[in-house]
Amino acid sequence: MNSKKREKITTLLVANRAECALRIITTAKKLKIKTVAVYSSADKDLPFTLEAEEAYCIGEAESAKSYLNIRKILKLAKEKNCNAIHPGWGFLAENPSFARACENKGIIFVGPNAESLSLFGDKVRAKKLAKKKGLPVLDSFLVKNLSRKEIKNLLETLSFPCLIKAACGGGGRGMRVVSSKGELEEALLSAAREAESSFGDSSLYLEPYLQDVKHIEVQIACDVSGDVVHFFDRECSYQRRHQKVIEEAPSTAPMSLRKKLYQAAQKLFFESGYVGLATVEFLVDKNGRFYFLEVNPRLQVEHPVTEKICDVDLVEIQIKLAEGHLLKELCTTPIKAKGYAVEARLCAESIKRNLMPNSGQIKRFILPGNSKNVRVDLGYREGNVIPVFYDSLIAKIIGFGEDREKAIKNLLSALTQIKILGVETNLALLIDLLLHKGFQSGFYFTNTLEERLHSLKDVEEQVWVLPVIYVVQWIKDKKAEKDIWYMFSLSLNKQDSLLRFSLDGSSYTVQLQRVINENNEEERYKAKLVEEKIELNIQLLDSFGEWIKAVVEGRVLYMQRLSLGTEGEDFWGKEVFIESSAGFLTVYFGESSSGGKGAGEAKADERNIYSELPGKVIKLYKRDGERVKVGETVIVMESMKMEHPIEARSEGVLKLLVKDGQQVNQGQCLAKIIKGKQG
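Under the working numbering, think of the first position of the sequence shown as 251, with each following residue one higher.
And the structure:
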């Protein structure tokens, strides 16, 4: 808002995409505001384009040619008589130039004015203001020009580990943890490229990296009179690659600490001239010490958990503030928090590839409906294609309850109703994380998720056990053990039973034996991989719907049985899909018709390096003909707004099949590693 004069928003252009755009359109419709959507060529069939009264293609799929193209967006806004633009989050939401351009065109920018964005959107300036106002802050260094001289100065000044961040944006883009001096230069270059791609600004800043901390943020609203209120707090400590995965409101921190955070957040905005919504983020250590982290001068992805506990519509408040309304008019009764809310982000990501984002068509998508205790904010529907050009978020699922335990239970119930095929997702991991004892007790930190992922790496080595669990649970459900085991020409209770299946192009034969205890109360089995003489102990704990909970050698696993319409049928001779906390699997039960490799032969393919996503080669770390070792980075690709280093999985001489800057397809062979000496 650029003045105190009130102006009603009549036609709103939504300068964003997917679930963000749909969320804004939903509230605008409720307020009887006409909506105009803009979309890229990759998004023409997404739900938000159908929900808006009008929708127009703004350019090609790349963000720079569509959602970041200020000139095209403003031109369309004027042509369609839009008197306001809502930037959502990401893209242009924190861009002062965009806010100023809107003001110059006489268009209401639904958010703070350009001056406020310049101050609070600049992480370094915001820290200086916070320090001036008495908030505890961590020292930071701004990097705008990545010259050799500046990098050398940083090496002499910094202590490690440190954290690199994009100076003009959020969402984890451009963030890197640097553990030693030797890692700094490449981490800076990579972070700058990612920040430029996501926000159109490569500026970075660096600060000390703290371990075992909680991420707690306070939702703030400010009006044209200078009034500042808070809508309590959220905790976002479950993160991967510094991006939030599960959020909850309120935080598990003591109320005495949370009150200090509210006071600090409000103090930062008093007499600032800021108008709109903002989030003030803090890091809190185990001793209760807190540090100002940054301000997000916009609506946050995780705002629904605040809406649930405060029973408010933050998008409506944001629009009304932009029109010039006062908070005392919008919040006529004291703001109170009631109950608990927990949100999970369903993303197109591969668990077994370290949560690398995926793209592709959603062939099947079943979601729970909205209710008093469950809310779903979606960006895609069945049949839509998740493009490679943007982030991996598919939908947000929010559980609400009168206490934290019930909120988690309601969210878990909603997640177990989801079925999605066509793209790999993090669904099983979300369930795993919600049931993790650290989260259940509230004793979890920003590095907890990464630690859990590390523990799941061991399971990847024994991923063959998941189809075995599938079969055991199927038998248990059918209560027809003798008939089922007869398919394997053996009796379950008399001797070992052989199970054959193919998985990821490899064939497996497993001996399966039921372990009978005295009371016959627990379902325990021994599974032996015949090819490699590996034996694992399996215990079935529980099943809920299509989900199974099992323990393999002391490790808890969750998995979902999926298919394209054959639920409950005989699986023999069919393809079955398994979603698990160790990854997504496609299994064929029976003798492989395609002549799959044996488990021991699977490693032969490690000498070919394939692209797991469509994208662009942005850096070649090794030269053609150079010798490489296992674990060395060979190629860096850019896909879905993030950089992805690709490592060698075997030792040998590199033969490159791509060039720097080349666009590549999913599954394309990028390089080969040849045994022998350099030529």
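Just so you know, even glycine gets a beta-carbon here, dropped at the ideal spot from N, CA and C.
If the five residues before and after F695 are omitted, its C-beta is found closer than 7 Å to the C-beta atoms of D462, V463, K464, S487, all from its own chain and listed in chain order. The alpha-carbon separation between A572 and S368 amounts to approximately 18 Å. Assignment of L454 by DSSP, reduced to helix, strand and coil, places it in the strand class.
Its Cα nearest to that of K510, the residue F482 stands out among S522, F482, R490. Annotation for F689: the continuous alpha helix (DSSP H) segment containing it runs 687 to 691. Residue environment for K824: exposed (fewer than 16 other C-beta atoms within 10 angstroms of its C-beta). Here DSSP, grouped into helix, strand and coil, assigns I357 to coil.
DSSP assignment within the region 261 to 285 yields the following whole alpha helix (DSSP H) runs of 4 residues or more, N-terminal first: 268 to 280.
Here W724 carries a helix assignment [DSSP, helix/strand/coil].
Take K355, set aside five residues on each side of it, and the residues of its chain with a beta-carbon closer than 8 Å to its own are L324, A327, K328, in chain order.
Proximity of the region 452 to 459 to the region 554 to 573 falls short of the contact definition, fewer than three beta-carbon pairs being nearer than 8 Å.
Here DSSP, grouped into helix, strand and coil, assigns C919 to strand. Apart from sequence neighbours up to five positions away, the residues of its chain that approach K872 with a beta-carbon distance below 6 Å are V878, V884, L904, ordered along the chain.
Where Q493 is concerned, the enclosing beta strand (DSSP E) starts and stops at 493 to 499. Under the DSSP assignment, D483 falls in the beta strand (DSSP E) whose first and last residues are 478 to 490. Here the region 466 to 485 lies against the region 496 to 511, with 3 or more beta-carbon pairs under 8 Å apart. In this structure, G309 lies away from K294, with their beta-carbon atoms at least 9 Å apart. Shortest Cα-Cα distance from G523 to any of D473, I616, G672, P504 involves D473.
Between the C-alpha atoms of M809 and S747 there is a straight-line separation of about 23 Å. For R508, the enclosing alpha helix (DSSP H) has its first and last residue at 505 to 519. L392 carries a strand assignment under DSSP once its states are collapsed to helix, strand and coil. The residue from L272, E652, V801, M606 with its alpha-carbon nearest to that of L791 is V801. Under DSSP, M890 forms no beta bridge with any residue.
Our two residues, Q611 and G917, have alpha carbons roughly 16 Å apart in a direct line. Nearest in C-alpha terms to S409, of all of V428, K869, L665, is V428. In the structure shown, V626 falls within a strand segment according to DSSP collapsed to helix, strand and coil. Within the DSSP secondary-structure output, M809 pairs in a beta bridge with I798, S830. Where H336 is concerned, there is no enclosing alpha helix (DSSP H), although the beta strand (DSSP E) around it starts and stops at 334 to 336. Sixteen is the threshold: when 16 or more other Cβ atoms of the shown chains lie within 10 Å of the Cβ of L596, as they do, the residue is buried. Under DSSP, S600 forms a beta bridge with M606. Looking from the CA of M887, the closest CA among D874, I648, K866 belongs to K866. When beta bridges are read from the DSSP output, Y590 appears opposite G651.
For the pair F834 and T675, the CB atoms are nearer than the 9 Å cut-off.
In the DSSP assignment, the residues bridged to A528 are I470.
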